Structures are given as structure tokens and as C-alpha cells.
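Trainee:
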Amino acid sequence: MIFVRPVCFLSDFGLNDDFVGTCKGVMAKVAPGIQVIDLTHAIPGFAVETGAEFLQHATRYMPDDAVYLAVVDPGVGTERYGIALESGTGAFLVGPDNGLLVPAAEVLGGVRQAVRLSASEFHVHPVSSTFHGRDVFSPVAAHLARGTEFEKLGERLDPKTLKRISVPEDHASGGEISARVIDVDRFGNARLSVRQKDSGLSYGDDLKLDAGDGYMDLDYVPTFGAAKSGALILLPDSHWRLSVAINKGNAARALALAVGSEVKIKHTQKGE
């Protein structure tokens, strides 16, 4: 029996079309019995930074021998490369060379080696100019999962030439936090570009939030249950990032927040 590695699959495809299903079908044809872990397919369209943050965070929860298949690819059909990376831990990552994969690879021990996916025998033909997720990245991920030698996938790349982005990280400065919204979840909670540990905040601090229309009171709490229904709150999410939320409400809708929106949070004095 051939040992098949699990594949951790992330994309911005959504679930309304056949994109995810056909990618998983391609993988099953290449590697029957393959286990595909659907991390998420709800990354906002073209939001490479958000996808990189989700993928990086997921590495601590995935099997050590996972193959990471990540497709957030606004440059599909252009001269950007399709790539595969071998990490220091032995995990593999497959996707576009737009910075999406590198933050995850770095927490997996760094990039040990990289290849451009130029070996067409590992692709589905004909290759669509708009759907490399199905025709290039999915079959390559499945071939890696079933044990195909990494070096056979294409031309070797110098890891120093890979496109890089930084996962959003903001910090408190002078008693004020300026942050960006990096994701809005299905409940309307706005996840921010600052980690709890970098915020300098303590539960119960007197805070105010400016989401574009002036400052309003903000309660910093450890969980939703610590706040009254309808309260505007700040709390740590499951990625240990600060999130702006309304308990049993939709903060993004109420405050007109979207990915990329800027917010400010400041300490205040009692009665200010």
C-alpha cells in the first residue's frame, strides 16, 4: 500500500461553484484515498495577506507530514511562477509565488528547497489560463502526497528569489493602537492586524474605538460571555489577535468595516 500524506487545502474559491470539488477530484485521481483537510475556502477574494496569515496559523494544528495546498492567486495566467517548497520540517507547500506560502514555510523550519512547477507531466491538460488551482497546483500537491520526488516537479529556484509578504503585525505606540482589519468572519467580527501579546492592553482597561466616525466606548473582555448583549467589545480571537465585535451582533455591518479598514484604539481616563 502506498503511504499518502494528508493535504491541507486553503483557497479563496468559496463553495458556490465547482472549484473546490474539482480540485479535490483531481487529487483523488492522482492519489486514491488521499485525505484532504479543508482549512477554509472563504478567504476574501485576492486577499493574499489574509490567506498567508490563516495558512501560517494552521501549521501548528496540522500533521507534521502535511502537504499545504494554498490558492489565493490574483496573478493567475501572468508571468508569476507556480511553485512548490520543501520546508525544514519536511512538510511541502504548493501554490503561486506571490508570498502566500512563505510565512507558513518560515514557521515550518524555513525553505529548504524550492522549485518552479515546470514539469508538465504532473499537470492536468489542457491547463486553463484562469484555473491553475485545478490544473497545476492540485495535481502537484497530490503527487507530492503520494511520494513523487520533489526534484522531479520542475526547475530548482533559489529560495532568496521567492516573493515575500509580511503577515500583518501592528503594535501599540504611545498608548494608541492603529490597526487594519485583516478578516471579517461570518459573525461580523473584525479581526485586526495586532496580536493580543503586542497590544499592551489589560482586561478592564478604559478604551475607545475610532472606526472612522469618531471615538466610542469599547470594552476589552476575554470572551463574549463577559459582555452584555449588544455591547461593542474588543477580545482575543482564536488566532490570539484582537477582534472588534458586538456581542450577539454584527460589528462589521454596524461600523461599516471591511478587510483593509483602519481603526484606532486608545486608552482613556475615567469619565473622558
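Residue numbers (our numbering): 3 to 274.
Where a beta carbon is used, it is the ideal one built from N, C-alpha and C, also for glycine.
Quick caveat: nothing in here was measured; it's all calculated off a predicted structure.
1) Arg255 lies in the alpha helix (DSSP H); which residues open and close that run?
2) Pairing CB atoms from the stretch 186 to 202 with CB atoms from the stretch 114 to 134, are three or more of them under 8 Å?
3) If you reduce the DSSP assignment to three classes, tell me which class Arg62 lands in.
4) Taking Ser140 as part of the beta strand (DSSP E), name the residues at either end of that continuous run.
5) Where Ile36 and Gly135 are concerned, what is the direct C-alpha to C-alpha distance, given to the nearest angstrom?
6) Can you name the start and end residues of the alpha helix (DSSP H) that Val169 belongs to?
7) Could you round the C-beta distance between Tyr217 and Asp207 to whole angstroms and report it? I think they count as a contact, below 8 Å.
8) Measuring only the C-alpha atoms, how far is Ser120 from Glu157?
9) What are the complete beta strand (DSSP E) segments, minimum 3 residues, inside the stretch 106 to 143?
10) Does the separation of the CB atoms of Ser140 and Cys25 fall below 8 Å?
11) Which one or two residues does DSSP pair with Tyr222 in a beta bridge?
12) Grouping DSSP H, G and I as helix and E and B as strand, with all else coil, what is Thr24?
13) Looking only at its chain, what residues have a beta carbon closer than 7 Å to the beta carbon of Lys250, apart from the 5 residues adjacent to it on each side?
14) DSSP has Asp208 in a bridge; who is on the other side?
15) If we define contact as Cβ-Cβ less than 8 Å, is Ser175 a contact residue for chain C?
Mentor: By the coordinates alone:
1) In the sequence shown, counting from the first residue as 1, residue 255 sits at position 253. Ala253 to Leu257 is the extent of the alpha helix (DSSP H) around Arg255.
2) With the cut-off at 8 Å, the stretch 186 to 202 and the stretch 114 to 134 do not touch.
3) Start at 1 with the first residue of the sequence shown, and residue 62 comes out as number 60. Three-state result, Arg62: helix.
4) Taking the first residue of the sequence shown as 1, we reach residue 140 at position 138. In the DSSP assignment, Ser140 falls outside any beta strand (DSSP E) and lies within the alpha helix (DSSP H) extending over Ser140 to Ala147.
5) Position 34 of the sequence shown, counting from 1, holds the residue named residue 36. Position 133 of the sequence shown, counting from 1, holds the residue named residue 135. Counting only the Cα atoms, Gly135 lies some 17 Å from Ile36.
6) Counting from 1 along the sequence shown, the entry for residue 169 is found at position 167. For Val169, there is no enclosing alpha helix (DSSP H), as DSSP marks it with neither H nor E.
7) By 1-based counting over the sequence shown, the position of residue 217 is 215. By 1-based counting over the sequence shown, the position of residue 207 is 205. Between Tyr217 and Asp207, the beta carbon gap of about 14 Å keeps them out of contact (Cβ cut-off 8 Å).
8) Within the sequence shown, numbered from 1, the residue matching residue 120 stands at position 118. Within the sequence shown, numbered from 1, the residue matching residue 157 stands at position 155. Answer to the nearest angstrom: the Cα atoms are 6 Å apart.
9) Taking only runs of at least 3 residues, the beta strand (DSSP E) segments lying wholly in the stretch 106 to 143 are 113 to 118.
10) Stepping through the sequence shown from its first residue, residue 140 is reached at position 138. Stepping through the sequence shown from its first residue, residue 25 is reached at position 23. Yes, Cβ-Cβ distance for Ser140 and Cys25 is below 8 Å.
11) Position 220 of the sequence shown, counted from the start, is the residue given in the question as residue 222. Answer is Leu236.
12) The sequence position of residue 24 within the sequence shown is 22, counting from 1. Note: Thr24 maps to helix in three-state DSSP.
13) For the purposes of this step, residue 250 is taken as residue 248 along the sequence shown, with counting starting at 1. Hits under 7 Å: Ser231 and Gly232.
14) In the sequence shown, counting from the first residue as 1, residue 208 sits at position 206. In DSSP, Asp208 forms a bridge with Asp221.
15) The structure shown contains no chain C; it is built from a single protein chain.
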